[in-house]
Amino acid sequence: MSQQQNKKLDDLLQSFAENAKQIKQEVDGVGRVILDSQLKKMDIVTREEFETLKAMVITLHQKLDRLETQIETQLGTNHTNQKMPETANAVDKHTTDSAGE
């Protein structure tokens, strides 16, 4: 091969490499646009949004646990300090009267 042919071949390979690099960048850009478009259609949240909501749910769950405990404690206190309602007393009285018959 002559030196001129080698030069043409080198130029051709150089041009091919540059074109391949440019094509890759364009494909990457178009691929990114398509991917972003599809993700937006899927209504996916970002990691930051997910972590924020996760922290909120954990906090709310802890508050709910505390409130449930407070309610159970309050109900327990009320049950021991409360008299039986009149309807319950009437049912108990009726049951004992019937047992004696």
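Mapped onto the UniProt record's numbering, the consecutive letters of the sequence shown carry residue numbers 1 to 101. Every residue gets a Cβ at the ideal spot worked out from N, C-alpha and C, and that includes glycine. Small disclaimer: the values here were computed from a predicted structure and weren't measured.
Out of curiosity, what's the CA-to-CA distance linking residue i and residue j?
i     : j     : result
Ile71 : Thr77 : 10 angstroms
Leu67 : Leu60 : 10 angstroms
Asp43 : Leu53 : 15 angstroms
Arg47 : Ala20 : 34 angstroms
Starting from residue i, trace the alpha helix (DSSP H) both ways and give me its first and last residue.
i     : result
Asp43 : Where Asp43 is concerned, there is no enclosing alpha helix (DSSP H), given that its DSSP letter is neither H nor E.
Count the other C-beta atoms from every protein chain shown that fall within 10 angstroms of the C-beta of residue i, then say buried if there are 16 or more, exposed otherwise.
i     : result
His94 : Its pLDDT being 48, under 50, His94 is placed unreliably by the model, and the measurement read from it follows with that caveat. Result: exposed.
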